[in-house]
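2 protein chains.
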Amino acid sequence: MSRRIRRTPYTDRVEQAGVRGFSVVNHMLLPKAFQATVEEDYWHLREHVQIWDVSCQRQVQITGPDAAVLVQWMTPRNIAKARVGDCFYIPIIDAQGGMINDPVMLKLAEDRFWLSIADSDVLLYAMGLALGRGLHVEVSEPDVSPLAVQGPKAEDLLAGLFGDHIRNIRFFKFGWIDFNNTRQLIARSGYSRQGGFEIYLQGSHLGHALWDAVWEAGQAHNITPGCPNLIERIEGGLLSYGNEFTRENTPFEIGHGKFCVTDGSIDYIGRAALQAIAATGVTREIRGVAFDGGPCPTCSKPWPVMVGARQVGQITSGIWSPRLRRNVGQSMIDRDFWKAGQEVTVHSQDGVVRAGEVVALPFA
Amino acid sequence: MSRRIRRTPYTDRVEQAGVRGFSVVNHMLLPKAFQATVEEDYWHLREHVQIWDVSCQRQVQITGPDAAVLVQWMTPRNIAKARVGDCFYIPIIDAQGGMINDPVMLKLAEDRFWLSIADSDVLLYAMGLALGRGLHVEVSEPDVSPLAVQGPKAEDLLAGLFGDHIRNIRFFKFGWIDFNNTRQLIARSGYSRQGGFEIYLQGSHLGHALWDAVWEAGQAHNITPGCPNLIERIEGGLLSYGNEFTRENTPFEIGHGKFCVTDGSIDYIGRAALQAIAATGVTREIRGVAFDGGPCPTCSKPWPVMVGARQVGQITSGIWSPRLRRNVGQSMIDRDFWKAGQEVTVHSQDGVVRAGEVVALPFA
């Protein structure tokens, strides 16, 4: 660890809570495991509540008279439909339609947006676009560090701590809470399917206090420290930029065609490319793969998904599901083979060939 | 480890060679340690030769009629002075003069450049600038993975393997070698002060073969697997983006004013900001700090450098030097205190206060 890989406002607390390892996202630490196993964490997340340091979801703040122009130029989704208080999932694509990132956009004002990003320097991309086109915007990374509270008991915990008004915040909307004489943004969102909130803490100096407040209030709800859970994420059909999709993939291939306006009514980078794909259809798309042969190893390189001698996809994330009693994975699958029930074999990196089938996402 | 953190063409070999840990640079694995200690590695690097997987130095390739226009726009250095075959160290700065990256530019042709980057997505920045301004360029990341051969015996090793013509390549120039019926770029460069070369392997499928060829030829020269060595780097005054400097710093503060044209003869992003700084002078600059108190701990957060009760800097990389029998560190130091010999105290994260002094870089 060096300064280059940035600590977060919560890292001290995460270490005190017994973190066993970190990953790196956006040049910042993301906790990867605590003392519980990933299976124990999975069950806990489904039944109770967890506190996650997701500061690595950095905010790219775009403000100024041309802010909406710049954000719209970066995404095929029509952001004019967003109202202040909305969270919009917006694919960001290059001129060929390839995915550059898939942030959640928070509309703070008509001329102020946060893009809560996956792992690539959207800040530099937005700066480049703005400088190149001479737009009247300011692009910056504010001192904002999201803390996620995930799981079915998250609402009760946070309502007790910050007030019942947070119960009225709907999914992918945000509101505000008072904390230590500051006003903080809270959204009903998060990288799990178990419900919960993300507090976009502004002011690193408040990190310890916020962690401690949530932790204390969480004692009555059986809170544990956690992090995005691979089993839950795969089952839930939540994709990860860099894993399931890269710049090699378009929004259509990851099931996000519904966010792409291709009727010519709005302009954005990559529009011609997306229109061409919309006309012809995609040749591959993300799917689940359920496969047997006992718990699979860790997937650190893509595993070929085969139909006979033909490779029809590659599993980019895979793990044993203790609930389904099968391995679960996510894979791009070629068009001729992507129907649910298609029999495949999975060639995991331990050399074992495992029988499996294509399934819809999310897993049942 | 997941697919998001990319393996390199050499990772299999690195694992076989007993790597003990990785860091992450440009979304890619960088070996951090092998079986030897950092001190053993330090002595070995100074006396023999090492093979380093530095694939994470990704290339941003800029080609096309406006290639030189785009590269010049990104840096205050006059790139018109570069000839084909030159490696140029070029600061890349934002509109305020803050460092975005500090790549080595390789001029492959009048209309073709590689930027061999430190840890930030220059690819996205360059794409944004090109799209915004409508430049006629193609910006891409080619399949190029540098393999460094560093140490005083590197030249003999590589001359034996690829021919004596590589001896004629001067520092920060590149030439070509034949390897397995391919033509590969080789530069006299690298992230150490012990001499050596970097082979910019084009074609990931050749990774194992290249590693094996260098390894075999290296047996006669006492080769070991290695990686950038923290002791050697600090002593040598080699800075690390994200550690010693960030977007908070200008090229002047890291001693690279000599690369910045501020007379108005060329135009680039951030010119006005640099001209203003050139007129007034900088208020802090990078220095070495030598300090006592026995081997210091690992520096994972900045350590205040104090003169009495006043903080005059912060050590961002520090380690025990077995050769100098003192701790060595790098720190920005405020102008009034940056003269060599200035007495300071270093407040390392173990709570120990250590006496030290400001020294020039590189360390003697």
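As given, the protein sequences belong to chains V and E, one line each in that order. Per this note's numbering, residue 254 is the first one in the first sequence, and the count goes up by one each step. Per this note's numbering, residue 254 is the first one in the second sequence, and the count goes up by one each step. From the three backbone atoms N, C-alpha and C, an ideal C-beta is built for every residue, glycine too.
Continuous alpha helix (DSSP H) stretch holding residue i: start and end
i        : result
V:Ala412 : 407-415
V:Leu298 : 291-300
E:Val375 : 375-386
E:Thr477 : E:Thr477 -> not in any alpha helix (DSSP H); beta strand (DSSP E) instead, spanning 476-479.
V:Glu485 : 483-489
V:Trp468 : 460-471
V:Glu268 : 264-269
V:Leu323 : 320-327
Cβ-based burial, residue i [other Cβ within 10 Å; buried from 16]
i        : result
E:Pro329 : buried
E:Thr619 : No statement about residue 619 of chain E is possible, as the shown extent of chain E runs from 254 to 617 and does not include it.
V:Gly534 : exposed
V:Gln564 : exposed
V:Thr290 : exposed
E:Ala320 : buried
V:Lys511 : exposed
E:Pro481 : buried
E:Pro318 : exposed
E:Arg336 : exposed
E:Asn502 : buried
E:Gly271 : exposed
V:Arg257 : buried
E:Thr435 : exposed
Whether residue i touches residue j by CB criterion (9 angstroms)
i        : j        : result
V:Ser457 : V:Ser398 : yes
V:Ile452 : V:Gln472 : no
V:Ala218 : V:Gly495 : The question about residue 218 of chain V has no answer here: the residues shown for chain V are numbered 254 through 617.
V:Gln310 : V:Asn279 : yes
V:Met618 : V:Leu382 : One cannot answer for residue 618 of chain V here, as it falls past the ends of chain V, which runs 254 to 617.
E:Ala440 : E:Phe427 : yes
V:Asp339 : V:Leu323 : no
E:Ala401 : E:Trp305 : yes
V:Thr477 : V:Phe287 : yes
E:Leu282 : E:Arg266 : no
E:Val605 : E:Trp591 : no
V:Pro575 : V:Glu363 : no
V:Gln303 : V:Gly448 : no
V:Arg588 : E:Arg386 : no
E:Leu414 : E:Val467 : yes
V:Glu497 : V:Ile430 : no
E:Gly460 : E:Pro262 : yes
E:Ile346 : E:Leu527 : yes
V:His474 : V:Asp409 : yes
V:Ala348 : E:Leu388 : no
E:Val558 : E:Gln567 : yes
Alpha-carbon to alpha-carbon, residue j and residue i
i        : j        : result
V:Gly416 : V:Leu368 : 27 angstroms
V:Ile522 : V:Phe505 : 15 angstroms
V:Phe424 : E:Gly508 : 50 angstroms
E:Gly479 : E:Thr499 : 26 angstroms
E:Trp556 : E:Arg273 : 26 angstroms
E:Ile586 : E:Thr569 : 12 angstroms
V:Lys225 : V:Arg537 : Within the shown structure, residues of chain V are numbered from 254 to 617, placing residue 225 of chain V beyond reach of any answer.
V:His301 : V:Leu411 : 13 angstroms
E:Glu394 : E:Phe366 : 11 angstroms
E:Phe341 : E:His418 : 22 angstroms
V:Ser601 : V:Arg420 : 44 angstroms
V:Met380 : V:Val277 : 23 angstroms
V:Trp573 : V:Glu485 : 11 angstroms
E:Tyr378 : E:Asn433 : 35 angstroms
V:Ala608 : V:Cys549 : 12 angstroms
E:Ala525 : V:Trp464 : 43 angstroms
V:Lys285 : E:Ile332 : 43 angstroms
Limits of the beta strand (DSSP E) - the one that residue i falls within
i        : result
E:His600 : 596-600
V:Met609 : The sequence as given places Gly at residue 609 of chain V; Met does not occur at that position. That run of the beta strand (DSSP E) goes 606-612.
E:Val586 : Correcting the residue type first, residue 586 of chain E is Ile in the shown sequence and not Val. Segment 579-587, the beta strand (DSSP E) holding E:Ile586.
E:Ala543 : 537-544
E:Thr569 : 563-574
Proximal residues of chain A, C-beta to C-beta of residue i below 7 angstroms
i        : result
V:Gly495 : Among the protein chains in the structure shown, which are V and E, there is no chain A.
Distance cut-off 8 angstroms: residue i Cβ against heavy atoms of the ligand MN
i        : result
E:Leu388 : As far as ligands go, the structure on display features none, and thus does not contain the ligand MN.
With a cut-off of 8 angstroms, do at least 3 Cβ pairs link the region 571-584 of chain V to the region 539-546 of chain V?
-> Touching, yes.
With contact counted as at least three CB pairs below 8 angstroms, one residue from each stretch, are the region 482-495 of chain V and the region 351-361 of chain E in contact?
-> No, they do not touch.
Three-pair Cβ contact test at 8 angstroms for the region 586-603 of chain V versus the region 512-522 of chain V | A contact is defined here as three or more CB-CB pairs under 8 angstroms, and the region 586-603 of chain V fails this definition with respect to the region 512-522 of chain V.
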